[in-house]
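In what follows, a single structure is set out as structure tokens and then discussed.
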Amino acid sequence: MSLRSLTGYLVFSFALCFVIDSAGQVFQSSKVFVIHRGGNISHWLSQSTVRGEKRSAYFTEKDVIAAADAGFDHIRIPIDEEQMWDEAGNKETEAFKLLHNALGWMQKHGLKAIVDLHIIRSHYFLDADPPLFTEVKEQKKFADLWRQLSEELGEYPVDMVAYELLNESVAHDDEDWNRVYKLAYDVVREKEPDRVIFIGPNHFQNVDYFPSLKIPEGDPNIVLSFHFYIPHVITHYKAPWTNIKDYTGPVQYPGIPIDPQDTVGYDEHLRAILGRYTTERIDRDYLERRIQPAIDKARELKLQLYCGEFGCLPNVSTESRNQWYRDIISILEKYNIAWSAWDFKSSGFGVFNPDDLKLAIPEDILFMKM
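The opening position of the sequence shown corresponds to residue -1 in the numbering used here, with each subsequent residue numbered one higher.
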């Protein structure tokens, strides 16, 4: 563990039982799973068709050491059902071995882990109508996946490993998400009453849907989780999987992201989508206002708050990208919101360069002092 990560660990361990936000209001923090800064290890046990030696080589102990030495204190590990279980529901031995290897390295080097069930066969965050919310058999299967994960991972200390029940729910009805996540929650709680569980709102863990999220009462070992990629035209500029992929004109941050004149010549549908980015100034104050529903929910429930994903592709200017990271991280730090960047070392969002594991985002931004 580096001096920076050790110092951060001691500071946050000292504040185990409470967090004081910038308004001086005290709300409860997790007593058993204390984190501050982290990153996602994406496209390894999730969202990847790579198997065998290449998969094994993608994430190794040297990555864990790099994360610890840089000053991160935890890693969020997305896992997919199709990697961890075959079609018949049998555990994939090699995949679980990789997961245990990673957790062992993290334990060795003083990092904590959030195991995130990212994609399951009945739910993908880009599905239009995921069966998870309409078919009882899929809901029972979802709960059973967590029964198996709890049995598999229950040996790890509760102060070292936490669970995230599902990534970015996309239920049509918010109440369906409240009902279905509770099935998995109950299974875990029956086996592990003290394990910390991360739960986010419906609609991609969007902060605007926190008011409709229902959380079990009297459970201090819940962390509220949200994702933040706002404004999308900056964070996902030219991303080929988005509905704005065809816009290649100028963008800026901070400021009004797009000059209306720069949308001339694009089809009407795209211009309608881009219209929201041509009128309002987007800056640090705007981002802070957008995060406010999450802060309000955490204060209401007296629970720890976590930004499990945020990031910006390097397709915008370096100045705009760095300023966006500087602004969002300064807000998270201001409100004592633990965070995990998306992601550690992919060729796009990575905070590390994948080739040499050197930081791609300036150190003084990632580890700013408030």
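Virtual Cβ for every residue (Gly too), placed ideally from N, Cα, C. From a predicted model like this one, the values you see are computed outputs, not experimental measurements.
Three-state secondary structure (DSSP) of residue i
i, result
"Arg74", "strand"
"Glu190", "coil"
"Ala336", "strand"
"Ser223", "strand"
"Asp114", "strand"
"Trp322", "helix"
"Phe25", "At Phe25 the pLDDT is 46, less than 50, meaning the model places this residue with poor confidence; the figure from the coordinates comes in the next sentence. DSSP places Phe25 in strand when its eight states are reduced to three."
"His230", "helix"
"His121", "strand"
"Trp175", "helix"
"Ser20", "Note on Ser20: pLDDT 47, under 50, position unreliable in the model; the coordinate value appears next. DSSP places Ser20 in coil when its eight states are reduced to three."
"Asp362", "helix"
"Lys243", "coil"
"Leu211", "coil"
"His267", "helix"
Distance between residue j and residue i (C-alpha atoms, nearest Å)
i, j, result
"Gly346", "Asn88", "33 Å"
"Pro252", "His230", "13 Å"
"His425", "Gly37", "No statement about residue 425 is possible, as the shown extent of the chain runs from -1 to 368 and does not include it."
"Met82", "Asp260", "46 Å"
"Val186", "Thr316", "43 Å"
"Tyr245", "Tyr264", "8 Å"
"Ala237", "Lys243", "5 Å"
"Arg177", "Glu215", "15 Å"
"Leu301", "His34", "15 Å"
"Asp281", "Glu153", "45 Å"
"Ser223", "Val159", "16 Å"
"Phe196", "Phe342", "20 Å"
"Asp354", "Val221", "33 Å"
"Trp85", "Glu79", "For the sequence presented, residue 85 should be read as Glu rather than Trp. Taking the straight line from one Cα to the other gives about 9 Å."
Residue i burial status per 10 Å Cβ neighbour count (16 or more: buried)
i, result
"Met425", "Residue 425 is absent from the model: the chain starts at -1 and stops at 368."
"Asn397", "A question about residue 397 goes unanswered here, because the residues of the chain that appear run from -1 up to 368."
"Lys295", "buried"
"Glu188", "exposed"
"Thr233", "buried"
"Pro128", "buried"
"Gln290", "exposed"
"Pro255", "buried"
"Trp239", "exposed"
"Ala126", "exposed"
"Leu371", "Residue 371 lies beyond the range of the chain shown here (-1 to 368); nothing can be said about it."
"Lys110", "buried"
"Asp61", "buried"
"Glu133", "exposed"
Residue(s) in a DSSP beta bridge with residue i
i, result
"Glu317", "Bridge partners of Glu317: none, in fact."
"Ala160", "Ile112"
"Ile197", "Leu222"
"Cys310", "Per DSSP, none; premise fails for Cys310."
"Gly37", "Ile73, Ala339"
"Phe350", "Leu357"
"Ile280", "Gly253"
"Tyr304", "Ser223, Ala336"
"Lys89", "Trp83"
Distance between beta carbons of residue j and residue i, contact taken as under 8 Å
i, j, result
"Leu330", "Cys310", "Wrong, their Cβ atoms sit about 14 Å apart, outside the cutoff."
"Asn165", "Pro76", "7 Å"
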